[in-house]
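Before any comments, here is the structure.
Numbering (the numbering used here), first residue to last: 16 to 508.
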């Protein structure tokens, strides 16, 4: 068992509807929950027509995070993970909000893709129910999106994130008071149209049991407790509930917060669409979801069971990367990196991101040799990469794009803060030089030294080595021109 810095782990899910905090303790090999908090911040409801997070919802979010921050004290930063989902993926001013949110919380916040959100939801569920070899369909209804996953035991097979949730569904309704059948129908049809896109693949894959893992699922199960016991939603019971809502009957929700009551009708309509489109008879409601998945994924990273390693290996297979060449470039790039220093990148391991960039630097060759660094950038920036947050994924893509040809320079990396732009330069130098030195696709007999002073780099080879490698010398001379154009300097001897 790994020797963790502390037995405590924490996860925070900044969802489109609710913010969740989960604190767990590892006790004799088992995780036990020691604290949990939830606040319905409703980020998605605070998105304006122009896609901006309103001032009011930002203030609600910051106040919540300040409270959460107190609970994170004394837990090592390496054992805390914080992610944002659909609302923060969509908000045009997300970057501005994140700066304030990270300051309030005291920790880096990752924005994850819908694919990664689905994977983590499944991980949370899979670790908290019996692994009975059944094929599971797992459904998680959030504020702005709904995730569908089919998997067996700990391994997800199909993952999708659809753009319909209980808050986005509520926004489709015109009336703000009692909801009638016409209003429910709008949400139902919007959800059905989304699910229709994935229905053929999911029905073909099939499943043995269905789990619902969201607050909306639990709220509906509680409403149906008299018929179904509170842990299952049956199709017949749900249809009766929909009929009552359509007749504008008041639901008995005395123990339910008002914010949940407001968005519950849309959630019920979405569940109805799920039952109809996928021909489901019943849904088992589970407590574990994204935040539990974050904890287990974090523990896996600390225990060298990192999903990102599997993702890199799958990309190498998918795009037929020469693994031997990738390993050569990786070893030399890390050899250079260990000799120089550079600024930190918050919440990103520089040696890991350099390793992954080197392992995937030729991923674009499967498309075309000419401009393969640009193809690689597109693949890595736009693919669903399990285990990677969006920020980390974009850094990886930028390094692969910058491996050859002109250096964009520290002021032209897309969307990064100045300190991150500066931190990328020495990593990029290590990758570029390694790629250049392995053009013959052979292992180097002697690894050169790399020295750094400010924006100046000096490459030192064994005596007379360059005299016997004129092509490498020519490549380095051209590289020196690229460096100079980007405000950098490289010398070699």
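Beta carbons are placed, not taken as given, at the ideal position from N, Cα and C, and that holds for glycine. These figures come from a predicted structure and were not determined experimentally.
Sequence-distant residues of its chain with Cβ nearer than 6 Å to residue i (five each side left out)
i, result
"residue 243", "249 and 252"
"residue 301", "140, 226 and 228"
"residue 508", "none"
"residue 254", "none"
"residue 113", "124"
Reduced DSSP category for residue i - H, G, I as helix; E, B as strand; rest coil
i, result
"residue 177", "strand"
"residue 449", "helix"
"residue 131", "helix"
"residue 165", "strand"
"residue 425", "Bear in mind that a pLDDT of 49 at residue 425, under 50, signals an unreliable position, so the model cannot answer this."
"residue 497", "helix"
"residue 471", "strand"
"residue 432", "coil"
"residue 405", "helix"
"residue 361", "coil"
"residue 126", "strand"
"residue 63", "coil"
"residue 170", "strand"
"residue 375", "coil"
"residue 239", "coil"
"residue 325", "helix"
"residue 413", "helix"
9 Å Cβ cutoff met for residue i and residue j
i, j, result
"residue 415", "residue 444", "no"
"residue 2", "residue 19", "A question about residue 2 goes unanswered here, because the residues of the chain that appear run from 16 up to 508."
"residue 441", "residue 356", "yes"
"residue 62", "residue 69", "yes"
"residue 134", "residue 438", "no"
"residue 230", "residue 32", "yes"
"residue 124", "residue 232", "no"
"residue 448", "residue 293", "no"
"residue 310", "residue 46", "yes"
"residue 475", "residue 467", "no"
"residue 181", "residue 279", "yes"
"residue 145", "residue 86", "no"
"residue 159", "residue 100", "yes"
"residue 295", "residue 156", "no"
"residue 29", "residue 97", "yes"
"residue 337", "residue 454", "no"
"residue 403", "residue 132", "no"
"residue 245", "residue 258", "no"
For residue i, the first and last residue of its enclosing alpha helix (DSSP H)
i, result
"residue 203", "196–220"
"residue 468", "Looking at the DSSP string, residue 468 is not in any alpha helix (DSSP H); the run it does join, the beta strand (DSSP E), is 464–468."
"residue 306", "305–317"
"residue 111", "109–120"
"residue 273", "273–293"
"residue 83", "70–87"
Rounded straight-line distance, which links the Cα of residue j to that of residue i
i, j, result
"residue 183", "residue 469", "50 Å"
"residue 90", "residue 21", "7 Å"
"residue 196", "residue 186", "16 Å"
"residue 143", "residue 330", "29 Å"
"residue 224", "residue 166", "10 Å"
"residue 371", "residue 411", "7 Å"
"residue 350", "residue 120", "36 Å"
"residue 168", "residue 138", "9 Å"
"residue 489", "residue 495", "10 Å"
"residue 178", "residue 205", "9 Å"
"residue 425", "residue 501", "The predicted model places residue 425 with a pLDDT of 49, which falls under 50 and marks its position as unreliable, so this point remains unresolved."
"residue 484", "residue 41", "56 Å"
"residue 390", "residue 188", "43 Å"
"residue 344", "residue 472", "19 Å"
"residue 239", "residue 54", "24 Å"
Residue i at chain B interface by Cβ criterion, 9 Å
i, result
"residue 454", "Absent from the structure: chain B. Only one protein chain is present."
Residue i: CB within 8 Å of a non-hydrogen atom of the ligand MN
i, result
"residue 181", "The ligand MN is not part of the structure shown, which contains no ligands of any sort."
First through last residue of the beta strand (DSSP E) which encompasses residue i
i, result
"residue 390", "Per DSSP, residue 390 belongs to no beta strand (DSSP E); it is in the alpha helix (DSSP H), 387–397."
"residue 25", "23–29"
"residue 247", "247–249"
"residue 226", "224–227"
"residue 356", "Segment: none, residue 356 is in no beta strand (DSSP E) and carries neither H nor E."
"residue 99", "95–99"
"residue 300", "297–300"
"residue 36", "34–42"
"residue 151", "150–156"
"residue 49", "45–54"
"residue 511", "A question about residue 511 goes unanswered here, because the residues of the chain that appear run from 16 up to 508."
8 Å CB neighbourhood of residue i in its chain, flanking five on each side removed
i, result
"residue 388", "376, 379, 415, 416, 417, 418, 419 and 420"
"residue 352", "365, 366, 369, 441, 442 and 445"
"residue 207", "288, 291 and 292"
Proximal residues to residue i (C-beta, below 7 Å), its chain only, five neighbours per side dropped
i, result
"residue 435", "360"
"residue 83", "27, 36, 52 and 120"
"residue 95", "25, 87 and 122"
"residue 116", "76, 77, 80 and 124"
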